[in-house]
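S.K.: Below: one structure in structure tokens.
Number of protein chains: 2
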Amino acid sequence: MGTTAAERLRRSGIQPSTQRLAVAEYVLETDAHPSAEQVWDEVKARVPTISRATVYNTLNLLVRKGLLRPLQLAEGRVGFDPNIEPHHHFIDEATGLVHDVPWDALEVRRVEALRGLEVREYQVILRGRRGKARAG
Amino acid sequence: MGTTAAERLRRSGIQPSTQRLAVAEYVLETDAHPSAEQVWDEVKARVPTISRATVYNTLNLLVRKGLLRPLQLAEGRVGFDPNIEPHHHFIDEATGLVHDVPWDALEVRRVEALRGLEVREYQVILRGRRGKARAG
DNA sequence: GACATCGATTAGACGTTGTCTAGACTTGGG
DNA sequence: CCCAAGTCTAGACAACGTCTAATCGATGTC
């Protein structure tokens, strides 16, 4: 509901080609923080002839245009996160899956007091296991 | 000052061979958070015939024995951190270098209040630039 | 000291992830 | 229809990391 992927691409100055649309429609909707190879696998189901280069190019383009954030904390490789807003990350050590943690769920104090460091952004990275209780 | 690398290895049940000693003496002393390849380069200066496999094996061994922590946040690849104690990390976006931030310099609140998440450990990752002021 | 055994090391093959390039294909404007 | 600009593909290439077979070395026994 709301904006289609095609519109979002156009609004960011990206030609919505078939291949780019397929990548965007998957990666901008998922909360799986997929790696580039995972994205490739997913998208190949819809556009079987798409090349690896195109997937990588499109992902990097989306990052450059601010529609996607690179995640350098996943277990194996780099992942991508369509959640542009500041938030934290929880890594489930049992599954390796990365979950978003809302910004307001935690409070970090004294960031401004760090001497000699101009902090542009920060986040908390948590590791552990999901319990049986409800979880976001 | 204090314990030699050989002693630390022996105490952890690691045979201090020439190669392992060379790796340990570099990686346990540096604060550069080097990648495995950087370690290889450094160590080759002292033990020119050392193989890549030995460097990787030794680093993984040191991690398994708790003498080293893997860092999955560096710009390019995984790095290694001889600082075993909990602490935070600041990534200088100008240089890509990773700097330690003492645990007590920041305060994170409400970690225990996260529903459905059993947090085993956490850290704050900050990105920005080092200012001209004094810095650790 | 000779020997057997077990662990450590080496060189190189291999797999994965990511980038780059040349050429082919699309698209839109005239 | 033609051209130019942009996009896509296949495959080569590079970096990083693991694995394996063979060699080397240290240790303990006789």
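As given, the protein sequences belong to chains A and B, one line each in that order. Numbering-wise, the working numbering puts 29 at position 29 of the first sequence, and it's gapless, one number per residue. Heads up: take any position in the second sequence, counting from 1, add 1000, and you land on the working numbering. All residues carry an ideal CB built from backbone N, CA and C; glycine is no exception.
Taking C-beta pairs closer than 8 Å, name the residues in chain A that B/R1110 reaches, listed in chain order.
M.R.: A105, L106 and E107
S.K.: Output yes if chain B places a C-beta closer than 7 Å to the C-beta of A/R79; else output no.
M.R.: Residue 79 of chain A is actually Gly in this sequence, not Arg. No, A/G79 lies away from the interface with chain B (no Cβ there is under 7 Å from its Cβ).
S.K.: Using 10 angstroms around the beta-carbon of A/R11, count the other beta-carbons present and answer buried if the total reaches 16, otherwise exposed.
M.R.: With fewer than 16 neighbouring CB atoms inside 10 Å of its own CB, A/R11 falls in the exposed class.
S.K.: For A/G131, count neighbouring C-beta atoms within 10 Å of its own C-beta (all shown protein chains included) and say buried if the count is 16 or more, exposed if not.
M.R.: exposed
S.K.: Going along the segment 114 to 126 of chain A in order, which residues come within less than 8 Å of chain B, judged by CB to CB distance?
M.R.: When C-beta distances to chain B are compared with 8 Å, the residues of the segment 114 to 126 of chain A below that value are L114, R115, G116, L117, E118, V119, R120, E121, Y122, Q123, V124, I125 and L126, in chain order.
S.K.: Excluding the five sequence neighbours on either side, which residues of its own chain have a C-beta within less than 6 Å of the C-beta of A/A94, listed in chain order?
M.R.: R129
S.K.: Using only the alpha-carbon positions, how far apart do B/E1118 and A/E85 sit?
M.R.: 24 Å
S.K.: Please classify A/Q15 as buried or exposed, where buried requires at least 16 other C-beta atoms within 10 Å of its C-beta.
M.R.: Classification of A/Q15: exposed, given that the 10 Å Cβ count is below 16.
S.K.: Between the C-alpha atoms of A/V152 and A/W40, what's the straight-line distance to the nearest angstrom?
M.R.: Not covered by the structure: residue 152 of chain A. The range shown for chain A is 1 to 136.
S.K.: Is the Cβ of A/R69 closer than 7 Å to any Cβ of chain B?
M.R.: no
S.K.: What are the residues in the segment 1007 to 1029 of chain B lying within 8 Å of chain A by C-beta distance?
M.R.: Listed in sequence order: no entries.
S.K.: State yes or no: is the C-beta of B/L1021 within less than 7 Å of the C-beta of B/A1006?
M.R.: yes
S.K.: Quick check on B/G1079: buried or exposed, where buried means 16 or more other Cβ atoms within 10 Å of its Cβ?
M.R.: buried
S.K.: CB B/V1110 to CB A/L106, shorter than 7 Å?
M.R.: Before going further, note that residue 1110 of chain B is Arg rather than Val in the sequence given. Yes, they are a contact pair.
S.K.: Counting only Cβ pairs nearer than 9 Å, list the residues of chain B close to A/V101.
M.R.: L1114 and L1117
S.K.: In whole angstroms, what is the alpha-carbon distance linking B/P1102 and B/N1083?
M.R.: Here the alpha carbons of B/N1083 and B/P1102 stand approximately 11 Å from one another.
S.K.: Would A/H33 and A/L71 qualify as a contact pair, given that the criterion is a beta-carbon distance under 7 Å?
M.R.: yes
S.K.: Answer with buried or exposed for B/A1024, where buried requires no fewer than 16 other C-beta atoms within 10 angstroms of its C-beta.
M.R.: buried
S.K.: Please report the distance separating the alpha-carbon of B/A1036 from that of A/I125.
M.R.: 23 Å
S.K.: In terms of residues, what are the limits of the beta strand (DSSP E) holding A/V108?
M.R.: E107 to R109
S.K.: Within the segment 9 to 71 of chain A, note down every full beta strand (DSSP E) run reaching 3 residues or more, in order along the chain.
M.R.: Listed in chain order, the beta strand (DSSP E) runs fully inside the segment 9 to 71 of chain A are 69 to 71, counting runs of at least 3 residues.
S.K.: When you compare the CB of B/G1128 with every CB in chain A, is at least one pair closer than 7 Å?
M.R.: yes
S.K.: Could you tell me the distance, in whole angstroms, from the CA atom of A/R115 to the CA atom of B/I1091?
M.R.: 15 Å
S.K.: Cβ of B/L1117 versus every heavy atom of the ligand ATP: is any distance shorter than 6 Å?
M.R.: In terms of ligand content, the structure shown is empty, and the ligand ATP therefore cannot be addressed.
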